[in-house]
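Notes for the one structure printed next.
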Amino acid sequence: GNAIFKGCFHRPDNVTAALPFSAVIQNMSVDKCVDMCTEKEKSLAALAGEQCYCGFPTPLFSLHELEDEDMCLHRCPGEEFESCGNDKFFVVYQTQVQGRVCFLLTAQSNTVCKGKMTMEACQKSIVVGHILS
Numbered sequence: 036g037n038a039i040f041k042g043c044f045h046r047p048d049n050v051t052a053a054l055p056f057s058a059v060i061q062n063m064s065v066d067k068c069v070d071m072c073t074e075k076e077k078s079l080a081a082l083a084g085e086q087c088y089c090g091f092p093t094p095l096f097s098l099h100e101l102e103d104e105d106m107c108l109h110r111c112p113g114e115e116f117e118s119c120g121n122d123k124f125f126v127v128y129q130t131q132v133q134g135r136v137c138f139l140l141t142a143q144s145n146t147v148c149k150g151k152m153t154m155e156a157c158q159k160s161i162v163v164g165h166i167l168s
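In terms of the numbering used here, the sequence shown opens at residue 36 and continues consecutively.
Spelled out as structure tokens, the structure:
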């Protein structure tokens, strides 16, 4: 897919809360992880060696604190010239999925989706730049 490289980031403290979906992928490559997260309709794909995590940008994993890319240098098992990160430093890509962050944002603040907004209306109300930045 057309994933956008976001950078190298330190493993979030609570990885299961920050990136709720994960799987071990044989012969891991960037595409395999991105494809899996796209299928799961998540906007972030984070590579940690053989492990692929999927989620959305949230305060738990805000992508504000970029690490040196050297920290993530770890050859992908399935792709010689790609970096797949490791268990401490994740290589993060943005998938083509538009951030479905309504339910995540409502947990933090009820300013985003007041009342009985449909998921669709909610998605439209979220500023795209906010999701993608």
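For glycine and all other residues, C-beta sits at the position ideal for the given N, C-alpha and C.
Top-ranked residue by Cα proximity to residue i, from the options
i: LEU98; options: ARG46, ASN37, ALA38; result: ARG46
i: LEU108; options: PHE116, GLU115, GLY120, GLU100; result: GLY120
i: MET106; options: LYS41, PHE124, GLU100; result: PHE124
Own chain, CB closer than 6 Å to residue i, minus 5 neighbours either side, in chain order
i: LEU54; result: ALA81, TYR88, GLY90
Own chain residues within Cβ distance below 7 Å of residue i, not counting five before or after
i: ALA52; result: LEU95
i: GLU117; result: SER64, VAL65, CYS111
i: ASP122; result: ARG46, ALA83, GLY84
i: ASN62; result: PRO112, GLY113
Residue i to residue j span [Cα, whole Å]
i: THR93; j: ASP48; result: 13 Å
i: ASP66; j: GLY113; result: 10 Å
i: GLU85; j: VAL132; result: 22 Å
i: LYS75; j: ASN37; result: 16 Å
i: VAL50; j: GLU100; result: 16 Å
Own chain partners of residue i with C-beta closer than 8 Å, once the 5 adjacent residues on each side are dropped
i: ASP103; result: CYS43
i: ILE39; result: TYR128, GLN129
i: LYS41; result: LEU79, LEU98, VAL127, TYR128, GLN129
Beta-carbon spacing of residue i, residue j below 8 Å
i: SER78; j: GLN129; result: yes
i: CYS72; j: ILE60; result: no
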